[in-house]
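Engineer: I'd like to ask you about the structure that follows.
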Ligand SMILES: Cc1ncc(C[n+]2csc(CCOP(=O)(O)OP(=O)(O)O)c2C)c(N)n1
Ligand SMILES: Cc1ncc(C[n+]2csc(CCOP(=O)(O)OP(=O)(O)O)c2C)c(N)n1
Ligand SMILES: [Mg+2]
Ligand SMILES: [Mg+2]
């Protein structure tokens, strides 16, 4: 070296297989059996329809604030579809459909969105963590879990989700660095949906891609068309295989789009143009995949209608179950559970105080 | 893109001009006038000798813990030498010689190391911030200052120092990202001295270089031989010029070595081999630069002796001044100053309490 | 003079200070184009441009740390943390630098910044969006912890906070943002930081509170008067730290009885310091144990249960009755 | 049975728990090869290998966040933060996750981790290396805040902390690390977390303290006996939170007078909660205002002045005399 270009050994790539116009790169297409193809489609559609129903419930005041997934179905379903049951999934807060794939019931999501802590009790089952609201904070937990897998010599992997906004948090950096240093079996899925509430991707960071941030950690990075379910499956498989084989973590940037509001408390008209939303509608992951499946002869109008009505019914059944369950929920006394395994004396005193208070309120209205 | 290598526009380079064996790359050598060359040498030597004297004082119990700079003289003096007075300097905690170049007196450093807050009062003068102990936390302040320069349309720059260990902190990441997003005129100088207390560079991060971390932020990065004062001056000039011209921040990795203890509380024998220290001694920035200056006819044995004794005297004078000043320092009542601009009532009460206490103690021993 | 809610009143304070002083800079997540998720900074970007109303990347330590640098450089940053539950991300920047630089440099470097954050429950929000942990900041020497209780004092305190030479943590009760309107004068109005106020005079009992709790406290005080003929003195701290103990210790010397109310968890909470000051300064006048009506010692529950967590007028009333019925 | 100082006693606890349970993992900056900057983890890497004694990159949030993940996975991480003054860097991880996951998941996910950190002054350290801010953690529901006062209870509490089903913040007084030795049995010994102890019995006055302050408190108590014939009862909290108020409220019912001692700044500090519990539970027995002998409300000064900041036996003695001289 007097003055030379520094050779960075870490590769950053881009991947797209089924493009927005429907053309397919046969060579790159991952092998997926027909049942799984249909299952992928069903969950993506479920994500979309569940969103619509929740929006509806929210507008009626029957549930509280929630973050829709619409537009991001492929970037969520693709990655989780390659996990084994024993693997772990560490979500952020916008992964309803990934959580459902991993076994979380629709009613538990509705119950959570209605302000009942009971909704999160299913999370934590089946090697999935619950929703994590503080942006970027959960990736480190995935690293700890991955470290544990290595320590216990298990051939498992842990997958964690986060947004483009989350990459600005210090915890993203620390998680990526720790994962690389310990070669922990972690797959980092950044859903770059172009927005962090009102902040566009271009104001979040000056780097040309999120994927290239992997270079800072000596980790492979790949930028994937996040609306292309085939590409998401292919990239995720590769990353999961690498992790499982002891070759360490990978950063996957899924380039996608948040087609709806940030949460139901948000008004995107204040900060983004309809044009932009429209241009992304043309890249919709669902229609693109439906087209592919039709070409393949796996889907036709009738089959689509069958899936639609099965989904509609299952959502309705979940809403009914949730509303039924919630009738017997909400006893305020329950709040005294689960701060510690054993309640300290002063919390017991406060519990008795609340019991008296509720009785008084009952008496005096 | 079906599957392609992602083209990262941000360049990462390496730079070395005066190599350890004394050979010089004439083409790359920066123009530095003779006076400045001698000044650079004098300060580098001052850094080394001041260290030695402080170590001595510390062993005698006359001062407290301090972090030596030995080995890193070029990577500190080179960068600050290209700053204008109006520019800002935001140090970490190991930049004694950079601080001295910027005008901090030796006695103030001694006074600080003796546990007197009075030692830091000079910091903050002349557009320099005081020592920052929490690793990595100060870079964000540099970004805020740089943002301010841009806002005020001043043609100034701010330079901030930190170690290889600091690059693991979340605040490093946030500072780099903010600086790049706002194109703030910040020059980031990472002194990669191979160690963070007992943690070697290789366990700090898996990336091949620190310089390549710039890629994550869409910022240019350069890995410089940090024991080569000419290369440090050249790279710093370039980065400062870029910042001054509104082209934003740069990351400079100065590859250097901590030749001494982490601080005087540390015992490096526990974690590193003498061999390693010896191999770096061969790359000593001082002997290398002295050789160059001798070749150039700017230095000979006599001149070296003159500088040595001038430095020795000035250090002795500073020690004397510090010890003289400290005689009248240490009134505990002073601690009630400077928590807020105006002392709240309860602090005034506590102040009176301490005054009574000190009187009591005086009475009862 | 216009009738404004607290969001509008804060917006007015920011706008006027920005007009008066070009060193005032607003920054934070979504404060620019979106006008803040609660609209406190609404319209400022149109008036002052994105050079002064700065949308930041999603990084709280970055926001706080950059603000510290701005303040050092001579600017007056007003940084928003989107919810106080995310202010812990920058706890170290505030503790290690904002709160200490004055001391560290013997007054040579100061950090006149404001860190705004919505706090508290009552708006059916998600987890982490309803916290009331002002005690963390109150225990931190070198910063000031301010919490207004209505539109008018919010505006006046915000102006004072911006002009304050020291770092101010400014918590805004979400439950008050649009709860009611007050006349807020167009002309400049300030309120001294570090001074509490008597907002209702009385002789029988002293209630001490701040922020969103002032409303249920006043309601309880009215009930006490109506139902029991009790005259309650109510003190609004306005500044939690540096704590002004003058008014409330004097008041309790007169009334002999005190009820302290906050939404924050009880143990090691703000009320404990108020109790201690009362014990230190009004001990011989106390006729009954001081009562604390507070959130319970747990994370505030999700919204289906939060009503039972947050002190209500009824709970305050009953605690007061108990304090009054206790014989000295 | 051997005479150990606190560093050795903690080392023994770690070593024995690691031997007993392979889910116990030690991690942190410089805890491996270097054995920790205070040598608490000395030799563990030789015994258990770098697979279980893990040197981490320099990132406190990373250490805490990774520990949370490890604990979720079923391990028992014991993480070291090199100095408590740097624990603020991971405040959000502890507050938002370690303290809440049990509640968030209705008990399905728990975080049995220990976060160790040296705290307090008295060792001529640099800025940020002498902090005593346990109140931040004490106010955080869901975590426990433990501070031993000597080698033997340090060892027993560490064992209990490692086995505790909830996250424990474990502060170790630097001033005690090598201050004295005690007999520490080789056989397993635990101490219940959440229980205080009477370490000196008395009838005239109650002193409440913990950690490094127990020594000057005992010294002052001896002086009181010698010079004034006063019998002081001394209570060592051992756990700051969940606060055990049983012993000290009972004690004050007997003595009528209390002096609380901590190194932390006074306002909104740990002492305030103790005062409040006394007021709530021992009010009618109080014969004098409760005294707080504490650090002043400022950042602890650099070492040339720290002695005047930290409560001394003399200052405690004088506060006690004052409390005793006050007529009821
Ligand atoms: C630490 C933290 N800061 C701020 C917020 C408020 N907030 C919630 S979501 C969000 C934007 C997240 O953007 P991104 O990471 O891109 O995820 P997306 O919402 O696009 O899925 C913000 C600012 C938060 N939840 N946590
Ligand atoms: C936030 C924080 N964590 C830990 C420490 C303790 N500490 C002081 S210096 C240091 C190592 C710093 O390494 P590096 O950044 O490489 O700087 P160097 O010491 O090599 O100059 C550590 C761990 C600290 N001061 N601040
Ligand atoms: Mg996003
Ligand atoms: Mg280093």
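Protein chains in written order, with my numbering: chain A, 1 to 365; chain B, 1 to 365; chain C, 1 to 328; chain D, 1 to 328. Where is the CB? At the ideal position from N, CA and C, for every residue including glycine.
#1: In or out: residue 196 of chain D buried (at least 16 other Cβ within 10 Å) or exposed?
#2: Is the CB of residue 105 of chain C under 7 Å away from at least one CB in chain B?
#3: Tell me which residues share the same chain as residue 245 of chain D and place their Cβ nearer than 6 Å to its Cβ, disregarding the 5 neighbours each side in the sequence.
#4: Where does residue 5 of chain C fall in DSSP's three states?
#5: Starting from residue 15 of chain A, trace the beta strand (DSSP E) both ways and give me its first and last residue.
#6: Give me, in chain order, the residues of the same chain whose beta-carbon lies closer than 6 Å to that of residue 195 of chain B; leave out the 5 immediate sequence neighbours on both sides.
#7: For residue 117 of chain B, which residues from the same chain have a beta carbon less than 6 Å from its beta carbon, with the 5 sequence-adjacent residues on both sides left out?
#8: May I have a chain-ordered list of the beta strand (DSSP E) segments no shorter than 3 residues that lie completely inside the region 173 to 228 of chain C?
#9: State yes or no: is the beta carbon of residue 184 of chain A nearer than 7 Å to at least one beta carbon in chain B?
#10: On the three-pair Cβ rule with 8 Å, is the region 231 to 251 of chain A touching the region 195 to 204 of chain A?
#11: What does residue 165 of chain B reach in chain D if we use C-beta pairs closer than 7 Å?
#12: In chain order, what are the residues with a CB under 7 Å from some non-hydrogen atom of ligand 3?
#13: Taking the continuous beta strand (DSSP E) assigned at residue 188 of chain A, which residues delimit it?
#14: Rounded to whole angstroms, what's the CA-CA distance from residue 50 of chain A to residue 330 of chain A? Just pull it up for me.
#15: Which of the three DSSP states is assigned to residue 40 of chain D in this structure?
#16: On the DSSP letters alone, give me the boundaries of the beta strand (DSSP E) that residue 89 of chain A sits inside.
#17: For ligand 2, I want to know if residue 134 of chain B counts as a neighbour, meaning its beta carbon is within less than 6 Å of at least one of the ligand's heavy atoms.
#18: To the nearest angstrom, report how far apart residue 63 of chain C and residue 29 of chain C are at their CA atoms.
#19: Looking at C-alpha atoms only, which residue of C/266, C/216, C/236 and C/155 is the closest neighbour of residue 320 of chain C?
#20: Going along chain B in order, which residues have a C-beta closer than 8 Å to the C-beta of residue 93 of chain C?
#21: Suppose the cutoff is 6 Å on Cβ atoms and the five residues either side in sequence are ignored; what does the same chain contact list for residue 120 of chain C look like?
#22: For residue 204 of chain A, return the contacting residues in chain C, with the cut-off set at a CB-CB distance below 8 Å.
#23: Could you have a look at residue 287 of chain A and say whether DSSP puts it in helix, strand or coil?
#24: Spatial neighbours of residue 5 of chain A within its chain, please: C-beta separation below 7 Å, excluding the five flanking residues on both sides.
#25: Under three-state DSSP, which class holds residue 311 of chain D?
#26: When you compare only the Cα positions, how much space is there between residue 289 of chain A and residue 26 of chain A?
#27: Is the beta carbon of residue 361 of chain B less than 7 Å from the beta carbon of residue 69 of chain D?
#28: In three-state terms, what does DSSP make of residue 367 of chain B?
#29: Can you give me the C-alpha to C-alpha distance between residue 365 of chain A and residue 85 of chain C, rounded to a whole angstrom?
#30: Measuring CA to CA, which of B/266, B/254 and B/37 is closest to residue 210 of chain B?
#31: Just list the residues that DSSP pairs residue 54 of chain D with in beta bridges.
#32: Just the chain B side, please: which residues come within less than 7 Å of residue 302 of chain D by C-beta, in chain order?
#33: DSSP on residue 264 of chain D, reduced to helix/strand/coil?
#34: Please name the residue, chosen from D/136, D/67, D/58 and D/160, that lies closest to residue 374 of chain B on a Cα-to-Cα basis.
#35: In whole angstroms, what separates the C-alpha of residue 198 of chain C from that of residue 236 of chain C?
#36: So which of B/149, B/160, B/120 and B/121 has the shortest CA-CA distance to residue 139 of chain B?
Structural biologist: Well, looking at it:
#1: Within the fourth chain, numbered from 1, the residue matching residue 196 of chain D stands at position 196. Around the Cβ of residue 196 of chain D, a 10 Å sphere holds 16 or more other Cβ atoms; the residue is buried.
#2: On the third chain, position 105 is the one that residue 105 of chain C refers to. Interface residue, yes.
#3: Residue mapping note: residue 245 of chain D aligns to position 245 of the fourth chain, counting from 1. Around residue 245 of chain D: 277.
#4: In the third chain, counting from the first residue as 1, residue 5 of chain C sits at position 5. DSSP, read as helix, strand or coil, puts residue 5 of chain C in coil.
#5: By one-based count along the first chain, residue 15 of chain A stands at place 15. Where residue 15 of chain A is concerned, the enclosing beta strand (DSSP E) stretches over 12 to 15.
#6: As a first step, residue 195 of chain B must be located in the second chain, where it is residue number 195. Within the same chain, and ignoring the five residues on either side of residue 195 of chain B in sequence, the residues whose Cβ sits closer than 6 Å to its Cβ are 258.
#7: The count along the second chain starts at 1 and reaches residue 117 of chain B at position 117. Cβ neighbours of residue 117 of chain B beyond the five flanking positions: none.
#8: Complete beta strand (DSSP E) runs here, min 3: 182 to 184, 197 to 200 and 205 to 209.
#9: Walking along the first chain from the start, residue 184 of chain A turns up at place 184. It does not; no Cβ of chain B falls within 7 Å.
#10: They do not touch, by the three-pair rule.
#11: The residue labelled residue 165 of chain B in the question sits at position 165 within the second chain. What residue 165 of chain B touches in chain D, judged by beta-carbon distance under 7 Å, is 58, going in chain order.
#12: Ordered along the chain, the selected set is A/163, A/164, A/165, A/191, A/192, A/193, A/194, A/195, A/196 and A/258.
#13: The count along the first chain starts at 1 and reaches residue 188 of chain A at position 188. Start and end: 186 to 192.
#14: Counted from its first residue, the first chain places residue 50 of chain A at position 50. Counted from its first residue, the first chain places residue 330 of chain A at position 330. The alpha-carbon atoms of residue 50 of chain A and residue 330 of chain A are separated by roughly 24 Å.
#15: One-based indexing of the fourth chain puts residue 40 of chain D at position 40. Coil, per DSSP.
#16: Position 89 of the first chain, counted from the first residue, corresponds to residue 89 of chain A. Run containing residue 89 of chain A: 88 to 90, per the beta strand (DSSP E) assignment.
#17: Mapped onto the second chain, residue 134 of chain B falls at position 134. Indeed, a heavy atom of ligand 2 lies less than 6 Å from the Cβ.
#18: Taking the third chain and counting its residues from 1, one reaches residue 63 of chain C at position 63. Taking the third chain and counting its residues from 1, one reaches residue 29 of chain C at position 29. One C-alpha to the other measures close to 9 Å.
#19: By one-based count along the third chain, residue 320 of chain C stands at place 320. Looking at the Cα atoms, C/216 is the closest of the given residues.
#20: Within the third chain, residue 93 of chain C is the residue found at index 93, counting from 1. Here the neighbours are 137, 140 and 171.
#21: Stepping through the third chain from its first residue, residue 120 of chain C is reached at position 120. Cβ within range, chain order: 132, 173, 174, 175, 212 and 263.
#22: Taking the first chain and counting its residues from 1, one reaches residue 204 of chain A at position 204. Those within 8 Å of residue 204 of chain A in chain C are 57 and 58.
#23: On the first chain, residue 287 of chain A is found 287 positions in, with the first residue counted as 1. Residue 287 of chain A falls in the helix class under three-state DSSP.
#24: Here residue 5 of chain A is taken as the residue at index 5 of the first chain, counted from 1. Excluding positions up to five away in sequence, the list is empty.
#25: Here residue 311 of chain D refers to the residue found at position 311 of the fourth chain. DSSP, reduced to helix, strand and coil, places residue 311 of chain D outside both helices and strands of the structure shown, so it counts as coil.
#26: By one-based count along the first chain, residue 289 of chain A stands at place 289. By one-based count along the first chain, residue 26 of chain A stands at place 26. Looking at the two C-alpha atoms, the distance is approximately 15 Å.
#27: Translated into positions along the second chain, residue 361 of chain B becomes position 361. Translated into positions along the fourth chain, residue 69 of chain D becomes position 69. Taking the C-beta atoms as reference points, residue 69 of chain D is found no nearer than 7 Å to residue 361 of chain B.
#28: As displayed, chain B neither begins before 1 nor continues past 365, which places residue 367 of chain B out of reach and without an answer.
#29: Position 365 of the first chain, counted from the first residue, corresponds to residue 365 of chain A. Position 85 of the third chain, counted from the first residue, corresponds to residue 85 of chain C. Since pLDDT at residue 365 of chain A reaches only 49, below the 50 mark, its modelled position is unreliable, and the value read off the structure follows with that caveat. Each residue's alpha carbon lies about 33 Å from the other.
#30: As a first step, residue 210 of chain B must be located in the second chain, where it is residue number 210. For the residues B/266, B/254 and B/37, the minimum Cα distance to residue 210 of chain B belongs to B/254.
#31: Against the fourth chain, residue 54 of chain D aligns to sequence position 54. Residue 54 of chain D pairs with D/27.
#32: Looking up residue 302 of chain D in the fourth chain gives position 302. 115, 116 and 117, listed in chain order.
#33: Position 264 of the fourth chain, counted from the first residue, corresponds to residue 264 of chain D. For residue 264 of chain D, the secondary structure class from DSSP, reduced to helix, strand or coil, is strand.
#34: For chain B, the structure presents residues 1 to 365; residue 374 of chain B sits outside this window and is missing.
#35: The residue labelled residue 198 of chain C in the question sits at position 198 within the third chain. The residue labelled residue 236 of chain C in the question sits at position 236 within the third chain. When rounded, the separation of the alpha-carbon atoms in residue 198 of chain C and residue 236 of chain C is 6 Å.
#36: Residue 139 of chain B sits at position 139 when you count from the first residue of the second chain. Here the closest residue by C-alpha is B/160.
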